[in-house]
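The structure appears below as structure tokens.
There are 2 protein chains.
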Amino acid sequence: MSSQNIPTRDRILKSTWQLLEAGNGSAVRMSDIAKAAKISRQALYLHFPNRADLLTATTRYLDEVHDIDAKLAKSRSAASGTQRLEIWVETWGNYIPTIFGVAKALMAMQETDEEAAAAWNDRICAIRDGCEKAVQALKADGALTDSMSEEEATDMLLTILSVRNWEQLRIDCNWTQARYIDMMQQLTAKALVKS
Amino acid sequence: MSSQNIPTRDRILKSTWQLLEAGNGSAVRMSDIAKAAKISRQALYLHFPNRADLLTATTRYLDEVHDIDAKLAKSRSAASGTQRLEIWVETWGNYIPTIFGVAKALMAMQETDEEAAAAWNDRICAIRDGCEKAVQALKADGALTDSMSEEEATDMLLTILSVRNWEQLRIDCNWTQARYIDMMQQLTAKALVKS
DNA sequence: GGTGCGATTGACACGATGTCAACTTGACAC
DNA sequence: GTGTCAAGTTGACATCGTGTCAATCGCACC
Numbered sequence: 001m002s003s004q005n006i007p008t009r010d011r012i013l014k015s016t017w018q019l020l021e022a023g024n025g026s027a028v029r030m031s032d033i034a035k036a037a038k039i040s041r042q043a044l045y046l047h048f049p050n051r052a053d054l055l056t057a058t059t060r061y062l063d064e065v066h067d068i069d070a071k072l073a074k075s076r077s078a079a080s081g082t083q084r085l086e087i088w089v090e091t092w093g094n095y096i097p098t099i100f101g102v103a104k105a106l107m108a109m110q111e112t113d114e115e116a117a118a119a120w121n122d123r124i125c126a127i128r129d130g131c132e133k134a135v136q137a138l139k140a141d142g143a144l145t146d147s148m149s150e151e152e153a154t155d156m157l158l159t160i161l162s163v164r165n166w167e168q169l170r171i172d173c174n175w176t177q178a179r180y181i182d183m184m185q186q187l188t189a190k191a192l193v194k195s
Numbered sequence: 001m002s003s004q005n006i007p008t009r010d011r012i013l014k015s016t017w018q019l020l021e022a023g024n025g026s027a028v029r030m031s032d033i034a035k036a037a038k039i040s041r042q043a044l045y046l047h048f049p050n051r052a053d054l055l056t057a058t059t060r061y062l063d064e065v066h067d068i069d070a071k072l073a074k075s076r077s078a079a080s081g082t083q084r085l086e087i088w089v090e091t092w093g094n095y096i097p098t099i100f101g102v103a104k105a106l107m108a109m110q111e112t113d114e115e116a117a118a119a120w121n122d123r124i125c126a127i128r129d130g131c132e133k134a135v136q137a138l139k140a141d142g143a144l145t146d147s148m149s150e151e152e153a154t155d156m157l158l159t160i161l162s163v164r165n166w167e168q169l170r171i172d173c174n175w176t177q178a179r180y181i182d183m184m185q186q187l188t189a190k191a192l193v194k195s
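Below you can see the structure in the form of structure tokens.
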């Protein structure tokens, strides 16, 4: 963590991201990352104890580089609950492509690696928080459907906006990003807003 | 053991299913399956050339045992498009728990194994077909929303009804199976039926 | 000239899949 | 009985990716 080795560390994180981005999260090995960062495979372990840690650090690096907090501030200033939901869907939905590669790699590791599971779960909690806030804003406006509790509505929103769903629509079904955002805004409104 | 008489191949498939079912699809090795089927690990390879083939054969075995075709016939006799959608969501949604273990293992392999990807894709096509038929029934009734094409509606339905979404709601969020079915019937109706 | 740090090379353990060769066992035919 | 075939067994081994370890190197800094 010392400030001296930032260049190398940054180079590693950047390379990791680029490789995962390019390969759509599939089969990126530690040796590939090392090669891309122009260091030896072993040197990777001088900076990150294991693959899970490297991937987690990469998500944090991306959050930092893209200043995700600033973008989220936008949804906080929404005039109504429905507007807040709309902005939240758009903001998160447009951030997914950026983190997709890393997210996929982390999700794949989740099955076997305890640490990776915890790391990814941590990220999910942050997103769930955004979903919860949107649901609360709807509730405050009296606009939340009465077929669900606040918690269920949050579960539902989080599920609809999952990375896997984005992957399926955007990549498997070949939707455009704009179409994805549009349809998700419509779907979440239909699902959560009282008619 | 009552399983003593069952032919080896069937014993393997049954053991595979039981292990994947119990372990929620996580970390079931070839050696575990062999042990459960009371044969040597190497003998597994006398029946199935590799892990992907074994998993695929297991899904077919499950389809056969549960006579999934008969269950699907039910939705074909629905009176209206909306009813057909409702029955389709219920039928498929209630089949997911059965195949979940195998599905998850197959999905995990998909990333690295070409054959596993093809096998799982094959299964998805069958499910997509069910979704498409439901959408067509809605269209025929003039009940399909006009915010989407038939193809997009099919993509959307397939995505909403994904195994991953079931996992998230049923397992991660701890919803009951009945609640899952109920909410998915509501959500798919809101998403696809013209209001 | 040391000291310490980042990095390198090379070797190795581990766990999982998949392969191979040689041997055993039981059923059945002749 | 003997021969044969199929199915199963044991044990060894290749491969691949992660993670570890030891020895060494080069360089900036004091």
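Which chain is which? The protein sequence lines are A and B, in order.
For what it's worth, my numbering labels the leading residue of the first sequence as 1, then goes sequentially.
For what it's worth, my numbering labels the leading residue of the second sequence as 1, then goes sequentially.
By construction, the Cβ of each residue, glycine as well, lies at the ideal position given by its N, Cα and C atoms.
Exercise. Beta-carbon of ALA126/B versus every beta-carbon of chain A: anything under 8 Å?
Worked result: no
For this session: Excluding the 5 residues preceding and the 5 following ARG170/B in the sequence, name in chain order all residues of the same chain whose CB lies nearer than 6 Å to its CB.
Result: TYR180
Exercise. Which parts of the region 117–176 of chain A are runs of the alpha helix (DSSP H), unbroken and 4 residues or longer, counting only runs that do not cross its ends?
Worked result: 150–160, 163–166
For this session: Could you tell me how far apart the beta carbons of LEU161/B and TRP92/B are, in whole angstroms, since I believe they sit closer than 8 Å?
Result: 6 Å
Exercise. Are the C-beta atoms of ALA153/A and some chain B residue less than 8 Å apart?
Worked result: no
Exercise. Is it the case that the Cβ atoms of THR16/A and THR58/A are separated by a distance below 8 Å?
Worked result: yes
Problem set entry | VAL65/A (DSSP reduced to helix, strand or coil) | helix
For this session: Please confirm whether MET107/B and MET183/A have their CB atoms less than 8 Å apart.
Result: no
Exercise. Count the other CB atoms within 10 Å of the CB of LEU13/B; is the residue buried (16 or more) or exposed (fewer)?
Worked result: buried
For this session: Count the other CB atoms, across all protein chains shown, that sit within 10 Å of the CB of ARG41/A; report buried if there are 16 or more and exposed otherwise.
Result: exposed
For this session: Please confirm if ALA27/A has its CB atom under 8 Å from at least one CB of chain B.
Result: yes
Exercise. So is SER75/A buried or exposed if we call it buried at 16+ other beta carbons inside 10 Å?
Worked result: buried
Exercise. Based on the DSSP secondary-structure assignment, which residues constitute the bridge partners of VAL193/A?
Worked result: LEU144/A
For this session: Consult DSSP for MET1/B and reduce its assignment to one of helix, strand or coil.
Result: Caution is warranted here: a pLDDT of 33 is assigned to MET1/B, below 50, making its placement in the model unreliable, and the coordinate value is therefore given only provisionally. Coil, per DSSP.
Problem set entry | Span of the alpha helix (DSSP H) around PHE48/B | Careful: PHE48/B lies outside any alpha helix (DSSP H) and carries neither H nor E.
Exercise. Do you know offhand how far ASP113/A's Cα is from TRP120/A's?
Worked result: 11 Å
Exercise. What is the C-beta distance between GLU86/B and GLN185/B, in whole angstroms, given that I count them as a contact (C-beta under 8 Å)?
Worked result: 5 Å
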